[in-house]
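**Student:**
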Amino acid sequence: MEDVTESLAAAWKEAMKGVRIGYRKTKSVLKQIPVDRLKAISGTGGVMSQGDIRRFFQIKYGAEVRNAEGVRVAADEASDVASSDEEPLTDAQVQEKVDKKFFDKTYNPAIFELEHLDGFAYTDDEAEGRLMREAAEGKMRELRQKCNIVSTTLKRRVLAHHHSFVSGTEKIRDINDSLLMTSSDCKKARAAIRKSKAAVASQVALLAQQRTKENMEAAIQLLEAMKAMCGKRTQLMNLISSGKVHEAAGFLKREGPIDMESSLAKIYCMKRVMAEWRMYRDNPKKLTDCIEVVLTDCLSNKFIVPRYRNALEASQDLGCASKTCTLVATLVWRAAIQILCKSLTEVSFVKSEDAPLADIAEGIHPDYLTLGVRQMAAKLMDFLYLYSTVVRLHEEERRTDSPYAGLHSQALQRVQDTGRKVGRDLVEKLTVVLSSARLASIDPDRVLHLFVVVSMLTEAFGVLGLEKAEQAAARTQTKAVLLRHMQMHFQTPKAHEVLAFMAEDDWVVSPVSPPSLNMVKPLSPSNFKSFIKEVNSYLHQSTDEGSLAAGAIPFMENPFLTQKMLEPADTSSLVQTQTFGAHWATAKTGCAAAATGDSADSASTMRDMGTGLEAAPVSAPVSIQDTATLASSVDMPPSVLTSSAISVANAFLEYQARIAVRFPPLAADILGWCEELLCLYFYTVVDSFVSVSRSVPIEHQGDFSAKAQRVLAEVRAAGERAVGAVNGQYTPKDHVRHVCGGGGVGGANATTFRFPPAVWGRLSNEFTSAAQQFALGNRTVACQSVLSLIFLYEATIQTMSPLLPATTVQSYMRRCRVLYEAAHEVLHVCIHRLCQAICPMESVCKNIAKLKGGKDEVMVSSYVAQLVGSMKELNERHVPMPTPALESVFLQRLIFAAQAVLVREYSKLPKKRMSDLFVMQLQVDVQFFQQQVASVFGKSSVVVPDYVLRFVKAGFFADDKAQCLQWVRSNHALYYSVDLVNWFGAADKPFMLQLEDLLIRELKHQDILPMGCFAL
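Structure representation (structure tokens):
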């Protein structure tokens, strides 16, 4: 270091010496310069104009100039002229003259002057031109003389000052040499300084390198400490994130101290790392919290089997096993509810997660409802797969010899108990969502597709451990929402449409015959079963070998994310149709019944699979065991339909091809809806065309059997359900309101009307006209169309049979037969009442009332021929029936109506006239009547030939009360009670009361129209 200091001092000394020498030499040179000659001109003459300079030059060298008027004057004269009066030359002009005059070798003064000659102009006059040329030549000579004078003068001046100029130049050269020497000394001094500086720098660099080495070693140690600290922290986090919390605790004990802690604490980026390390090292409870974090991430974000297992087993080592098992169960429940709520919130206008679930569901736009539910189902399906994986993991681990087997057994019990609660909770919340969703504005096909998704999801809830009864109840709850929606937005509008068609019907035979109508072939549940199978297959992947090793990652595609679940599928390929005529032909050969049995057996798998509960049909007599089809027991196919009946048949077809094929669990309910529409049509027809009273319901009127009355009451209840009638009042749609004009409650602005409405508006002229036979043909067609619809309803049952259990199919088939028998009875009552109304019996009744017994002989009374003649005339002019079978029934009922009138009128005869001879007279009349009727109408038309004769013959023992009572017990079912009482007890009041008591209390007699032997 001392050597360096000495070198620097010597260099500095030499440099200062060179500077002093240079300064002295420069100063001496500057003193030798003649500064007085270089001084500027005084202020008064320091600035000269161009005119003054030119004038001075002309005066100095004797050149001629021109005055202000342009006249050439001598230099002496010009000197007296003020320079300010002349036009001064510009700097450019002066520079041009000097350059050309003294420095331009091509300068020609003559040409220059000619170019600047004043007043020169070109002329064509030769003499004038010659004068001008001579003047120019003279001027040129003058200028040459002046130039020679200037050159001579300049040479003299130069020669006069040559010596001083040369000496000045030599001095300048000497000064320049001195300056060069000074500069050389400075350069040498600078070089010495640089060498000294380099030496000093080299000495200083050694010290800097030593310091740098020490700093680098310290930095390397610090970096190694940082690396070790970060490595330990990373290893700790890896252990914690993988669930190995117990290993993390041991690692903290081993690697607790921090190397170079004070130095690392000064580094900003290491403060967070060290704080995190100290947090886990100094706070053992933090590791317990890590178990919760790991389990929460596994059950809420991404489930990794080893990570979940490690975290759970670490809880036993840390002494919090019971708490952790409870946490797992809680996280499972929380994950399921969060998935449901968040999935719906994403597509709802209500974004608050704290909002009621019903409000969130109501805030979903109908266009996005299916999307939201499908996304929710897909996420819940993944959750259910995770749940099944967790259950299987615990089941496998508890059967091992691991020290954690008890822990897994405890966790399994908690998870399974919570799973059942989660399943019930999800079902309740799903029901709330479906009940609150705005389904009204969604197309029915999309609604059904939505509930297919819901059914698949409900089926998947079984993996949560729900019992069969609970799962069945879950299906019932979700299906109940669909039933309410379909009842309100599909079934009820259909029922009102049927009433609208009936109100506009003219009740004539439609040109479309029943055999030409299309019907759906028996449907298959395989498509819906495939959806359920996909769900079960997806959930049971966790039971396959190797699935746990794969980390609970499903191999199959989520069934709710497949292409076919994005939009409602095209079901046209699943629906095959045939004509009703083809179905009838198959039924007649006996194939239909076998197909029904086979399909019903195969439908038991649907019940086992849980596609839905059966819908209880309207009560049917238990004694009916015959489930053979009506088609197989009837000779001729139905051939009478009205336009409104076709609308009902079309509704049947739509229910099958649109609803049942898309959502088979509704099969029983669809049959119930079809039956309601059939009953609505049935009861409306009966009330409008058969009933004889608007105040007494048809089921409480006479002529019907007890079974028929019970069935009619059930038919009325089903029809009321179809249109939503309450207490015999319903609110019609706008397009059918006109049919109820007089039946409103509350005046002209009433909104409720009597059920059922009158549908004979287009027949108002014929309906009450005896001349038009009270619309006999239209009434008969209406009643016969009910029978045709029942056949179509039976075909619908057979179409739906593969979707239902065998017992349900048999129940509906029995119910169909009960309806057919009731409709058959209604048709006969209708024709019977019409025959009584249109047959002219007034004069016959008067003649019978005037009968008196003969004294000597018995002869046929005149009223018999009169009655037969009127019947013949009526038969010839009555409205033709649509089918030969109805013609036969009409004729049979016409004859029986006449027989019933005879019985009624005979029973009214005064008993004072009664004698054996009078009874014989009546017997002869009856026998003659029967002969005439058989002769005119055919013997086959007289269905009950002894109906009147048996009644009349009982008059022979009218005085024997015991025999009368015995006869009443045996034959009361064929006759009306009033006729029996009048015939046997009119003359004896006590015996009349005895007869009434016998009929009502003991025999439970009902006035029923005989049906047994009649056609159809």
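Taking the UniProt record's numbering, I'd label the letters of the sequence shown as residues 1 to 1016.
Every residue, glycine too, gets a C-beta built ideally from N, C-alpha and C.
1. Starting from Thr807 and walking both ways along the alpha helix (DSSP H), at which residues does that stretch end?
2. How long is the line joining the alpha carbons of Cys290 and Met556, rounded to whole angstroms?
3. Check Val520 in the structure and name its three-state DSSP category.
4. Given this structure, state the Cα-to-Cα distance separating Val686 from Phe490, to the nearest angstrom.
5. Since Thr577 is in the beta strand (DSSP E), which residue starts that stretch and which ends it?
6. Quick one: Cα of Ser343 to Cα of Lys271, how far?
7. I'd like the ranges of any alpha helix (DSSP H) spanning at least 4 consecutive residues and lying wholly in the region 265-292.
8. Grouping DSSP H, G and I as helix and E and B as strand, with all else coil, what is Asn196?
9. Below 7 Å CB to CB, which residues in the same chain sit around Ile797 once its five sequence neighbours on both sides are set aside?
10. Please determine if the region 785-799 and the region 635-642 are in contact, where contact requires at least 3 C-beta pairs separated by less than 8 Å.
11. What I want to know is whether the C-beta of Val786 ends up closer than 8 Å to one or more non-hydrogen atoms of the ligand ADP.
12. I'd like the span of the alpha helix (DSSP H) that includes Thr768, first residue to last.
13. Pairs of beta-carbons, one from the region 897-907 and one from the region 659-669, closer than 8 Å: are there three or more?
14. Rounding to the nearest angstrom, what Cα-Cα distance links Leu998 and Val919 in this structure?
15. Just the C-alpha distance for Arg133 and Lys97, rounded to the nearest angstrom, thanks.
16. Nearest by alpha-carbon distance to Leu993: which of Gln1006, Leu1009, Lys961, Ser242 is it?
17. Given this structure, state the Cα-to-Cα distance separating Leu909 from Ala849, to the nearest angstrom.
18. In terms of residues, what are the limits of the alpha helix (DSSP H) holding Ile360?
19. Closest by CA to Tyr863, which one among Met841, Thr492, Arg877?
20. Is Thr431 near Val481, with beta carbons less than 9 Å apart?
21. May I have the straight-line CA-CA distance separating His246 from Tyr268, to the nearest angstrom?
22. My output table needs one value for Gln729: the three-state DSSP class, helix, strand or coil.
23. Express the C-alpha separation of Glu137 and Ala127 in angstroms, rounding to a whole number.
24. Would you mind giving the Cβ-Cβ distance between Leu393 and Arg309, rounded to the nearest angstrom? I have them listed as a contact below 8 Å.
25. Assuming Lys588 contacts Ser526 under a Cβ cut-off of 8 Å, what Cβ separation, rounded to an integer in Å, is found between them?
26. Could you give the residue range of the alpha helix (DSSP H) that holds Met132?
27. Can you tell me whether DSSP reads Ser693 as helix, strand or coil?
28. In this structure, does DSSP put Ser348 in helix, strand or coil?
29. Would you mind sorting Glu224 into buried or exposed? The rule is 16 or more other CB atoms within 10 Å of its CB.
30. Along the chain, where does the alpha helix (DSSP H) containing Met920 start, and where does it finish?
31. What separation, rounded to the nearest whole angstrom, lies between the Cα atoms of Thr629 and Trp983?
32. Note down the Cα distance separating Val968 from Val520, rounded to an integer number of angstroms.
33. Suppose contacts are defined by Cβ-Cβ distances below 9 Å. Is Arg399 in contact with Leu464 by that definition?
34. Which partner residues does Asp703 have in the DSSP bridge list?
35. Taking the alpha-carbon positions, what's the Ala198 to Ile175 distance?
36. Just how far apart, CA to CA, sit Phe704 and Met1011?
**Tutor:** Reading from the atomic positions:
1. 806-838
2. 33 Å
3. strand
4. 25 Å
5. 577-579
6. 41 Å
7. 268-282
8. A quick correction: the sequence has Ser, not Asn, at residue 196. Note: Ser196 maps to helix in three-state DSSP.
9. Leu671, Val809, Tyr812, Met813, Cys816
10. yes
11. This structure lacks the ligand ADP, and indeed carries no ligand of any kind.
12. First-last for Thr768: undefined, no H or E at that position.
13. no
14. 25 Å
15. 24 Å
16. Lys961
17. 6 Å
18. 357-362
19. Met841
20. yes
21. 31 Å
22. strand
23. 15 Å
24. 7 Å
25. So it is not a contact: roughly 29 Å between Cβ atoms.
26. 126-160
27. coil
28. strand
29. exposed
30. 916-937
31. 44 Å
32. 52 Å
33. no
34. Ile1008
35. 34 Å
36. 10 Å
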